[in-house]
Ligand SMILES: [Fe+2]
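In UniProt numbering, the protein residues as written are 1 to 402.
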């Protein structure tokens with residue numbers, strides 16, 4: 001694995017370098033692996049951006065700064081020639097969010113928001129060769145939403161294209177190797193207006209997609225066939241379910257494992273599962289949660305809590321369960337420190353991970369965040385699914401959706 005070239009698929013992305021991340025740190029944070037991209041029909045370097053449609057981008061941008069400690073770095077809107085929307089670009093470590101809101105009722109972003117509420121419209125990926133990816137995707141039957149084309153301004157040229165994923169979600173493919181502007185042509189630099197911000201996450205670990213009943217395998221096959229992703233070991237069958245929240249889940253990852261997509265489908269349970277609730281309120285398939293990697297989840301939770309972020313609570317019985325205590329063994333802090341903050345632990349043959357989940361971040365019971373601190377484990381917290389479901393079901397019951 002080399003660490004030199006700008007867009008070498010084995011090396012660091014510009015965002016990672018700017019965030020002062022190195023490959024060892026990333027290997028620890030997100031479970032990066034070495035791989036040979038020569039045989040990869042659809043090489044992906046890493047994440048480019050997570051694009052959100054929201055009801056009020058001006059206020060959401062403030063929220064991501066004031067509550068999550070992100071930096072505002074760029075802006076586009078009517079003042080820069082976009083008559084339909086405003087867009088704020090925010091970063092934390094190597095993570096880039098683009099938060100868009102419609103400025104009139106006919107704006108495509110406003111219409112997307114009317115259908116889905118606040119949510120992720122685009123999981124944009126950085127690729128070294130946009131045309132090669134699109135040729136392969138098309139040959140494999142993918143829907144090409146935007147043909148490869150160049151966009152240019154005084155900072156250089158970006159080559160982009162887009163393919164359709166689940167629901168109304170898309171993957172924009174971006175080659176920014178000839179570009180040094182703040183985000184994309186059309187955007188201007190914009191600095192944070194919120195004075196006191198503490199960064200609490202530095203990389204994106206995975207994004208979970210919820211798809212319709214019976215369609216998980218189809219989407220796993222899509223990522224295998226169209227994008228050359230491979231299946232990771234973690235598989236959740238409905239055996240892990242509670243009485244209410246049965247689901248099936250498989251995980252696909254790109255070659256270097258920077259980009260990991262767990263895919264969930266509901267499984268018929270006694271009552272409405274959390275996946276059913278998501279699909280109903282989002283109005284179809286979409287991104288359920290984004291897992292953000294931190295090197296110190298205790299500090300992350302303390303900072304976020306002080307800044308008004310609400311997490312799912314974990315019952316004391318979780319920490320007092322002797323089976324769990326035996327299974328998790330020694331972790332880097334006393335279990336009481338985790339219990340005080342509601343942080344969950346899972347362990348597998350490779351190591352352990354610490355994780356916690358926020359409540360839904362918008363008005364609809366849909367998208368939320370996970371924070372994750374990995375110590376060798378490449379898993380996703382399978383051992384915590386039951387405890388997590390039960391916590392979600394308590395919230396569902398309070399919403400009258402169980
Ligand atoms: Fe997760």
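Ideal placement from N, C-alpha and C gives every residue a C-beta, glycine not left out.
By the criterion of a C-beta distance shorter than 7 Å, residue 321 is surrounded by no residue of its chain, once the five residues flanking it on both sides are discounted. Distances taken from the Cβ of residue 257 to the heavy atoms of ligand 1 include none shorter than 7 Å. Per DSSP, the unbroken alpha helix (DSSP H) holding residue 59 starts and ends at 57-66.
For residue 216, the uninterrupted alpha helix (DSSP H) run begins and ends at 216-225, by DSSP.
Membership of residue 373 in any alpha helix (DSSP H) is not indicated; the residue belongs instead to the beta strand (DSSP E) covering 368-375. Beta-bridge partners assigned by DSSP to residue 186: none are found. At a Cβ-Cβ threshold of 8 Å, residue 355 and residue 371 count as neighbours. Counting only beta-carbon distances shorter than 6 Å to the non-hydrogen atoms of ligand 1, the qualifying residues in chain order are 206, 208, 289, 291, 370, 380.
For residue 364, the secondary structure class from DSSP, reduced to helix, strand or coil, is coil. By the Cβ-count criterion, residue 40 is buried, with 16 or more other Cβ atoms from all chains shown falling within 10 Å of its own Cβ. For residue 352, the pairing in a beta bridge is given by DSSP as 347, 376. Under the criterion of beta carbons closer than 8 Å, residue 32 and residue 21 do not qualify as touching, at roughly 10 Å. DSSP places residue 264 within a strand segment (E or B) once states are collapsed to three. For residue 116, no beta strand (DSSP E) segment is defined; the enclosing uninterrupted segment is the alpha helix (DSSP H) at 108-116. Taking C-beta atoms as the reference points, residue 352 and residue 381 fail to come closer than 8 Å. Taken atom to atom, the span from the alpha-carbon of residue 257 to that of residue 25 is near 14 Å.
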